[in-house]
Structures are given as C-alpha cells and as structure tokens.
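First the structure, in the form of structure tokens, and then the observations on it.
2 protein chains.
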Amino acid sequence: MDPEVKKKALRKFTYGLYIVTAKAGDEVAAGTVTWISQSSFTPPLIMVAVRNDSHLHALAERTRAMAISVVGAGQDAMAFAFFRPSRVEDGKMNGYIVQFGSETGAPIIAEAPAWVEVRVTDSVSRGDHTVYVAEVVNAGLLDESAMPLVLGSTEWTYGG
Amino acid sequence: MDPEVKKKALRKFTYGLYIVTAKAGDEVAAGTVTWISQSSFTPPLIMVAVRNDSHLHALAERTRAMAISVVGAGQDAMAFAFFRPSRVEDGKMNGYIVQFGSETGAPIIAEAPAWVEVRVTDSVSRGDHTVYVAEVVNAGLLDESAMPLVLGSTEWTYGG
Numbered sequence: 002m003d004p005e006v007k008k009k010a011l012r013k014f015t016y017g018l019y020i021v022t023a024k025a026g027d028e029v030a031a032g033t034v035t036w037i038s039q040s041s042f043t044p045p046l047i048m049v050a051v052r053n054d055s056h057l058h059a060l061a062e063r064t065r066a067m068a069i070s071v072v073g074a075g076q077d078a079m080a081f082a083f084f085r086p087s088r089v090e091d092g093k094m095n096g097y098i099v100q101f102g103s104e105t106g107a108p109i110i111a112e113a114p115a116w117v118e119v120r121v122t123d124s125v126s127r128g129d130h131t132v133y134v135a136e137v138v139n140a141g142l143l144d145e146s147a148m149p150l151v152l153g154s155t156e157w158t159y160g161g
Numbered sequence: 002m003d004p005e006v007k008k009k010a011l012r013k014f015t016y017g018l019y020i021v022t023a024k025a026g027d028e029v030a031a032g033t034v035t036w037i038s039q040s041s042f043t044p045p046l047i048m049v050a051v052r053n054d055s056h057l058h059a060l061a062e063r064t065r066a067m068a069i070s071v072v073g074a075g076q077d078a079m080a081f082a083f084f085r086p087s088r089v090e091d092g093k094m095n096g097y098i099v100q101f102g103s104e105t106g107a108p109i110i111a112e113a114p115a116w117v118e119v120r121v122t123d124s125v126s127r128g129d130h131t132v133y134v135a136e137v138v139n140a141g142l143l144d145e146s147a148m149p150l151v152l153g154s155t156e157w158t159y160g161g
C-alpha cells in the first residue's frame with residue numbers, strides 16, 4: 002500500500018465538526034472533533050474516536066460521558082477556538098457561552114445549532130484514538146434550519 | 002429526551018456516502034453506507050456501522066474484511082443503485098463495473114474516486130448496527146480532484 006495514496010483516499014471521507022466535552026468535578030475538557038457518526042437507531046448510539054493523548058480522553062475514561070455540540074456552517078471560528086486547551090471562566094469556555102448538560106454535566110456550546118449528551122456503553126482502544134460507542138441520553142436543537150459546517154469546505158484536514 | 006428533538010439533532014451530523022462490500026467465496030454483498038469515519042492514524046483504522054439485518058453484515062461477520070468505495074459528487078445514481086440487493090454479473094455489480102480487491106477479494110466500484118480495503122480488528126455489537134473497527138490494508142485513488150458526495154446535499158437522510 003502506497004502511504005500517499007492511502008492518505009489521499011482517506012481524505013475523501015466526509016466529516017462534520019463538533020465540540021466534544023466532558024466534565025469530572027471541577028475539571029472540564031473540550032476539543033474540536035471530526036471523527037463522529039451515529040451507529041444505531043434503537044437505542045440511539047453514536048461512535049466517536051477520541052485521541053488517546055488528549056485531556057478529553059482522560060476525562061471520558063473517568064466519566065464515561067460526553068456532550069457533543071454540532072458546529073454550524075459559518076461557525077468556523079468556534080471550531081478553531083477549541084483547537085487549543087480549554088478552560089471555563091465566567092460561564093464561557095474559550096470565549097463561548099456554555100450551559101451544563103443535565104444528564105452528564107458536560108458543557109454544551111450555547112450557540113451550537115444542535116447538541117447531544119451521551120453515555121459510553123462500549124469502547125475500543127486501538128491505534129492512536131479510542132472508539133467510544135455511546136448512547137444518546139439528551140438532545141437539544143437551537144436552530145432547525147441551520148446547516149452543519151462540513152470539514153471539506155474549510156481550510157482544515159483531519160485524517161489520511 | 003424528546004424523540005423528535007433527538008432525531009433532528011442527530012440529523013445535523015455530517016456524512017458522506019460509500020459503497021461497502023464484502024465477498025465470501027462466490028457470495029457478494031454490497032450496500033450504500035453513510036456511518037463511516039476514520040478512527041486512527043497509526044495504524045490507519047476506520048470505524049463503520051453496518052446494519053445487523055443486512056447481507057453485508059452476514060458476510061462481514063464471516064470474512065472480517067470489507068472494501069469501501071467513496072461516492073463522488075454527482076454520483077448520486079451510483080449510491081441509489083446500492084439501496085437494493087446486489088449481484089455481480091458480467092463484471093458489473095448493480096450495473097457498475099467492479100474490480101476485486103487484492104487484499105480482501107471484495108468488489109470495488111471502478112469509477113469511485115477513491116477506495117480502501119479494510120480488515121476488521123474489533124467489533125461492537127450494540128443496538129441495530131455493529132460497529133466494526135478495521136485496519137486499512139490497501140487503498141486506491143482514481144481522481145485526486147474529485148469532491149465526495151455529501152449526504153446533506155442529497156434528498157436522502159439516514160440517521161436521527
């Protein structure tokens with residue numbers, strides 16, 4: 002297998018952008034994540050791959066719960082804000098107003114067009130990320146007409 | 002949790018379209034799949050959720066190997082062709098010319114802009130789909146400049 006061909010082929014996969022968060026006690030972690038998909042209708046499950054060396058991974062391992070805020074079209078700056086380490090201050094995380102999920106305690110970005118809270122049911126630690134399969138236990142919709150931001154329409158790539 | 006809100010929130014997730022195939026002996030299965038993402042850089046892994054009641058699932062369970070052909074922008078008809086049961090005839094599957102992957106034997110759609118062959122390393126049977134984590138063992142690129150077909154730009158939905 003030619004590594005360059007492998008990289009370019011995998012970059013033809015399509016992704017959205019999501020701010021994924023976890024909270025344990027006073028400790029909060031957040032990151033912009035692209036490797037997410039639904040994985041079951043009944044029960045509603047999602048699968049998300051979280052980098053093993055991330056703070057988000059450390060908290061997800063402890064709490065087995067996360068919140069996923071969808072980044073909407075035009076909200077590129079919001080995605081960019083969570084490329085760096087996250088902190089909550091005055092009800093804002095990295096400059097964005099958050100609310101705390103009733104089911105998981107994890108911060109949800111107030112202006113995200115949609116969000117879900119999830120509880121991990123299974124995980125696969127393989128390679129440099131951990132795949133979490135997690136049940137959707139709460140959901141919110143701020144803007145039904147919003148389009149999601151698609152990674153391929155940004156200047157960023159993640160994958161390959 | 003309001004099921005309608007949950008459905009609409011999950012439909013804000015972003016997906017591509019892929020023809021996923023498997024082959025065991027003379028038996029071939031294929032289907033249009035949207036719930037796919039990369040899940041590791043090193044080794045290169047993907048995660049794919051396959052419906053438990055599908056023929057593709059039955060063959061993936063037996064062979065632990067699949068091929069994934071990316072559906073390109075404008076190839077909506079190709080995606081639609083694999084909504085129905087699949088058969089190979091005269092080197093074509095559901096009307097599309099296929100080649101057979103050297104690593105997995107699974108059919109690859111010749112006109113797909115990119116494709117990968119994968120071998121399953123782990124699986125999670127949870128809900129109405131099985132999550133397969135699988136290593137990329139071969140890859141091909143027909144058209145480096147092609148854009149992938151994004152589910153949100155079609156008339157179809159899968160998720161919610």
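For the protein sequence lines, the chains are S and F, in the order given.
Under the numbering used here, the very last position in the first sequence is 161; numbers go up by exactly one each time.
Under the numbering used here, the very last position in the second sequence is 161; numbers go up by exactly one each time.
For each residue, glycine too, the CB sits at the ideal point set by N, CA and C.
Check: Are the region 99–107 of chain S and the region 72–83 of chain S in contact at 8 Å, needing three or more beta carbon pairs?
Finding: no
Next item on the list: Pull up the distance between the alpha-carbon of F:S124 and that of S:R88, whole angstroms please.
Entry: 35 Å
Margin query: What does the alpha-carbon distance come out to for the pair S:E145 and S:H130?
Written below: 32 Å
Check: Does the beta-carbon distance from F:A31 to F:Y133 come in below 9 Å?
Finding: no
Checklist line | Assigned exposure category for F:P45 - 16 Cβ within 10 Å defines buried | finding: buried
Item checked: For F:V142, three-class secondary structure by DSSP -> Note that residue 142 of chain F corresponds to Leu in the displayed sequence, not to Val. Looking at F:L142 - three-state DSSP - the assignment turns out to be strand.
Check: Looking at the unbroken alpha helix (DSSP H) that takes in F:F81, where does it start and where does it end?
Finding: 77–82
Check: Which residues, in chain order, does the region 112–132 of chain S contribute to contact with chain F at a C-beta distance below 7 Å?
Finding: P114, A115, W116, V117, T122, D123, V125, R127, G128, D129, H130, V132
Margin query: Am I right that S:W116 and S:G141 are in contact with their C-beta atoms under 8 Å? What's the rounded C-beta distance?
Written below: 5 Å
Notebook entry, point to check: Can you find a C-beta in chain F that's less than 9 Å from the C-beta of S:D3?
Noted result: yes
Check: How many angstroms separate the CA atom of F:K9 from the CA atom of F:D91?
Finding: 42 Å
Item checked: F:A111 to S:K93 span [Cα, whole Å] -> 50 Å
Notebook entry, point to check: For F:S1, is the classification buried or exposed, using 16 other Cβ atoms within 10 angstroms of its Cβ as the cut-off for buried?
Noted result: The structure shown does not extend to residue 1 of chain F, since chain F spans only 2 to 161, so no value can be given for it.
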